[in-house]
Amino acid sequence: MTFSLLQFGCGNMGGAMLAGWLAAGFDPAAFTVVDPLLAEAPTGVSLLREASAEAAPADVVLLGFKPQQFAASARAIAPHVGEGTLLLSILAGVDVATLRAAFPQAAAIVRVMPNLAAAIGKSPIALYGAAEGPLRERTEALMAPLGPAEWLAEEAAMDIVTALAGSGPAFVYRFIDALAEGAAALGLPRVQADRLALAMVEGASALAAASPHAPGELARRVASPGGTTEAGLKVLDADQHLAALVTATLRAARDRSAELTEAARR
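312 is the number of the first residue of the sequence shown in our numbering; add one for each residue after it.
Right, dumping it as structure tokens:
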């Protein structure tokens, strides 16, 4: 696949995507990053401190900065988005209508919601947009090295996916930390508890991904009647506290995404 990709912003998420593409063997010369703060770009990737007004439109433009910077950045980016440009946006809360108003000449606009595991090709990726034919194929080819991608039928679902797949890793990391902290509180050395908790979650996740059974069923199979696992699950399951806590966590993240959408529209 031959293309030029102009990436505006290369922070944690944009950097993870770029790392994933380069690890997959994409030509570094195809990528240009525009970022005033990035210390240095990966070898072979061009780095600009600001967009050039004279530059020709790119095949692909990726918006990878903070959504709060959209209004201030859109005018400088517009000259780089031409009639043949595929515009990809990872800006949480900036909807397609807002993007289309800022970049009316774009051939296609696709919202992308990955997470940091894109760097190792393990990120779930939600896609929403009207890309068709070759542009849809190009979108899918670009996402393939970063992780499994799914097209959403409704844009409103992006707020939920942002909470689940985008913010979700932080929630999992917090749970891993809580597991280790709990084991340490019961007497295990913290460093050892950290190692065991991380290895346990890694193995459990790999097994769940390879198993034909749903995670709920796997939990049931681990729990022998009257055993240690059942005793622990009774605490987690009591009065649906865990389910309620997770739902409230996702709701807060979803609602914040919706708030960002309204702010971007204004």
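Using N, Cα and C, we set each Cβ at its ideal position, and we do this for glycine too. Please read all numbers here as calculations on a predicted model, not as lab measurements.
Bridge partner(s) assigned by DSSP for residue i
| i | result |
| --- | --- |
| Ser357 | Thr343 |
| Ala460 | Ile436 |
| Val407 | BP columns for Val407 are empty, so no partner. |
| Leu453 | According to DSSP, which records beta bridges pairwise, Leu453 is partnered with nothing at all. |
Euclidean distance between Cα positions of residue i and residue j
| i | j | result |
| --- | --- | --- |
| Val421 | Leu438 | 7 Å |
| Pro368 | Thr343 | 12 Å |
| Ala494 | Phe486 | 12 Å |
| Gln318 | Gly326 | 10 Å |
| Met256 | Gly537 | Outside the displayed span of the chain (312 to 577) sits residue 256, for which this structure offers no information. |
| Leu463 | Pro526 | 23 Å |
| Gly320 | Phe376 | 5 Å |
| Ala418 | Ser478 | 29 Å |
| Ser435 | Ala574 | Note that residue 435 is Pro in the sequence shown here, rather than Ser. Straight-line Cα distance between these residues: approximately 26 Å. |
| Ala489 | Phe381 | 36 Å |
| Gln379 | Tyr484 | 26 Å |
| Glu361 | Leu547 | 51 Å |
| Asn469 | Arg576 | The identity of residue 469 in the sequence shown is Met, whereas the question assumes Asn. Those two C-alpha atoms are separated by around 16 Å. |
| Leu410 | Ala330 | 25 Å |
| Ala521 | Val372 | 35 Å |
| Leu457 | Gln503 | 32 Å |
Host beta strand (DSSP E) of residue i (start-end)
| i | result |
| --- | --- |
| Ser621 | Residue 621 is absent from the model: the chain starts at 312 and stops at 577. |
| Phe319 | 316 to 319 |
| Val371 | 371 to 374 |
Opening and closing residue of the alpha helix (DSSP H) in which residue i lies
| i | result |
| --- | --- |
| Ala419 | Counting along the chain, Ala419 falls outside any alpha helix (DSSP H), though it belongs to the beta strand (DSSP E) covering 419 to 424. |
| Val472 | 468 to 472 |
| Leu329 | 323 to 334 |
| Ile386 | Looking at the sequence provided, one finds Arg at residue 386 rather than Ile. Arg386 -> alpha helix (DSSP H) spans 381 to 388. |
Residue i, buried or exposed, once every other Cβ within 10 Å from all chains shown has been counted against 16
| i | result |
| --- | --- |
| Ile471 | buried |
| Met328 | buried |
| Met511 | exposed |
| Ser568 | buried |
| His391 | buried |
| Ala517 | exposed |
| Ser400 | buried |
| Ala476 | buried |
| Asn323 | exposed |
| Thr473 | buried |
| Ile431 | exposed |
| Asp550 | exposed |
Q.
List, from N- to C-terminal side, the beta strand (DSSP E) runs of 3 residues or more that fit wholly inside the segment 484 to 568.
A. Runs found: none.
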